[in-house]
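Note sheet for the following structure.
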Amino acid sequence: MLAGLTFDVVPATAALRSVYAAAFAPPPWCETSDQIDAFAERLAAHVRMPGFHCDVAYLDGEPAGFTYGFPTPDPWPEDRLYLPIADAVGDLSVLASRFEVHEVAVDPRCAGRGLGAALVRRIAAAAGRSWLVTSPRATAAVRLYERLGWRCLREFTARGETFRVYLSPGA
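Quick note, the sequence shown lines up with residues 1 to 171 if you use UniProt numbering.
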């Protein structure tokens, strides 16, 4: 099922950008080229964060997916979705003691092969207690997380969109 699958723990920005664009340009995300460029800028900053962990999966030598994250920053950040997450969760101690799975992306051409599950299992195994945010409109991602035992902690709205905070199994 996953023949030809290899992993790399050193993020190659061009490979990650390529997979990110393939995964997040189509619906439900519909990210623009400016948003995809902003991802590459965030990645450059995130790589320097203490405890940063990234897995890049390749199928037959081509980048097919990746996950990355880091221990939840302290103090709690105020950029992107962090403030709405804080408002929705209230007691941040439930997230502060966990690893934030910041990005999960699979090239749609590689979907349906178990790659997303392998990536999420791999980062959760390495990181332990984790959390992530996704949109309920990302139905394949929601099904994946819930099938793997992640549970929805809260749903919240930010920038006119609905998001969910998920906690890893055993949390």
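Cβ atoms here follow ideal geometry from the backbone N, Cα and C, with glycine treated the same way.
- Non-local C-beta neighbours of Val133 in its own chain, meaning closer than 8 Å and more than five positions away in sequence, comprise Leu81, Ile85, Phe163, Arg164, Val165, Tyr166, ordered along the chain.
- Nearest to Glu103 by C-alpha distance, out of Ser97, Pro28, Val56, is Val56.
- Residue pairing from DSSP places Thr67 in a beta bridge opposite Asp55, Val104.
- Here the segment 62 to 77 does not lie against the segment 138 to 158, with fewer than 3 beta-carbon pairs under 8 Å apart.
- The three-state reading of DSSP puts Glu146 in helix, counting H, G and I together.
- No Cβ-Cβ contact shorter than 8 Å links Leu16 with Ala64.
- For Arg80, no alpha helix (DSSP H) segment is defined, and its DSSP state is neither H nor E.
- Restricting attention to Leu83, Ala127, Arg109, Asp91, the CA atom closest to the CA of Thr157 is found in Leu83.
- The beta carbon of Ala40 sits closer than 7 Å to those of Thr13, Arg17, all from its chain and outside the five residues before and after it, given in chain order.
- The beta carbons of Pro26 and Arg137 sit no closer together than 8 Å.
- According to the DSSP secondary-structure assignment, Val133 is paired through a beta bridge with Val165.
- With a threshold of 16 other beta carbon atoms within 10 Å, Arg98 meets it and is buried.
- Annotation for Arg17: the continuous alpha helix (DSSP H) segment containing it runs 13 to 24.
- Here DSSP, grouped into helix, strand and coil, assigns Leu43 to helix.
- Shown here, Cys30 sits in coil according to DSSP, grouped into three states, outside any helix or strand.
- For Leu119, the enclosing alpha helix (DSSP H) starts and ends at 115 to 127.
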